[in-house]
Each structure stands twice: as C-alpha cells, then as structure tokens.
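Residue numbers (the working numbering): 250 to 500.
For reference, the structure discussed in these notes is given below.
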C-alpha cells in the first residue's frame, strides 16, 4: 500500500459524508475489520485521505458521495427508530418502504424518537450533516408538544429556562409554555437544544406530570406542519444547503 497522505480528512468523516454510516458507526466497522484500503484491512480510524479511491466496505467499493439529501418523516407511535429490533417490533424502515420514492439512497435518522413518541423525524444520506445536527454544541432547537396529566403552573415551567438536574443528570435551558385549556390533561410546548435521551418525559415526570402523548413538531427550521402520519417528503436542496451554512456560521 502506498504511503498515506498527511492531508485530507479522516476516513471516518469521508465514509460518513458518503452515507455509509455515522462516524461512530464507521469507527466500529473499522474495528470489526470491515473497511479496507487498496485491499489492506484497516485497523485504525486515524487515517487521512484525499478521497475514497481504493476504499472498500465489506469488500465493495465505496461510491462517491451524493448530494446531501434530507427527508421529513411523520413517525407514528409504535415504531422503533432503528434498522432492526431484537424483540421483533416494527421499525421506522418498515413504514419508510412505502413512504419514500424508489431509488432513495440509504438514509440515517437525525436523532431518535422513542417507541411511543411520534412526530417529525428527519432522515439524511449525509453522515456529517446528521452528526452536526445532533451535537448539543450546534444548538439546533427541537420543539415538542406534550400532553401531560397533573397539576403544573407556567411559573414552574419558566424555571426550566435555568436548566435542571435530575438524578445527577444536568439538562440545559428549556423553553416551556403551558397552552391554554382547563382540566388536568394539559398540552405543553417545549423547545430544547440538547436532545438527551427521553429528556422531555424525564423533566415533566420530575415535575409530577404523567406524559400520555408526545409529539415532535420541529427540528431546527424544519417543521412537521401538516405532513400526514406515516408519510415522508424530501426537503428542498436549497433549504438544506442554507441550513448547513447556518450551522457552520453558528460554530
């Protein structure tokens, strides 16, 4: 194998950009001996390349990266955000087979929605875009509507702007608004930027509420709007590139 260049990008970044998998997943693939360069199996992700020429994954050449594509999917409750589930439960990909046009490239979810959470799930073929959107440091806001049972006041919700620590886990600033209504089943809109696992549910349960429905309505500038449940739509290329540029400026 010829000498490796000292310039370029790390191989995990290039493979993520090509839509093979996320950076973290690519690093696992390298550790498992699934990635090779000019026929030699790689044993470290600390390699820089100018291009993916000569790189294979599972023995197959890696195609040049396609243009970044982003899809909005209205995830119903009762689906796992994963390619497969050991328990045999249906996954988002089960629904996406019918929701996406033919010849759609391999798509990766941007963040996750748990089994019983519904609403906007973004999917992309660009592992680098996925990573940038998920990083807390990027500050991309996610907005949810939660229907919760119990007693709560706007004053209590306003305190979440200062962040909150629950069982040793620190959750950053959350903007929460109690929607108009009466009774003990109330809708609360919450906007956050970290997206920690089950963050909305844990915060509201800590406040004594029981969440009985949770819907993500927006991720960054992209909104669920009136997209029907179980359907997907591609976001315009110009909007994707505009958003990507805003992420770079934000950093």
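Even glycine gets a Cβ: it sits at the ideal position worked out from N, Cα and C.
From the listed residues 425, 372, 330, the smallest Cα separation to residue 365 is found for 330.
The Cβ neighbour count for residue 375, taken over all protein chains shown within 10 Å, is at least 16; the residue is labelled buried. Shortest Cα-Cα distance from residue 265 to any of 415, 447, 319, 380 involves 380. The three-state secondary structure of residue 330, taken from DSSP, is coil. Counting only unbroken stretches of 4 or more residues, the alpha helix (DSSP H) elements lying wholly within the stretch 424-498 are 448-455, in sequence order.
When DSSP states are grouped into helix, strand and coil, residue 289 belongs to the strand group. Taking all protein chains in view, the Cβ of residue 308 is surrounded by fewer than 16 other Cβ atoms within 10 Å, so the residue is classified as exposed. The closest CA to that of residue 339, considering only 355, 316, 363, is found on 363.
Residue 268 is not a Cβ neighbour of residue 348, given a cutoff of 8 Å.
Contact check between the stretch 391-398 and the stretch 440-459: three or more CB pairs, one atom from each, fall below 8 Å, which counts as touching. Judged by pairs of C-beta atoms under 8 Å, the stretch 283-290 does not touch the stretch 315-323, as fewer than three such pairs exist.
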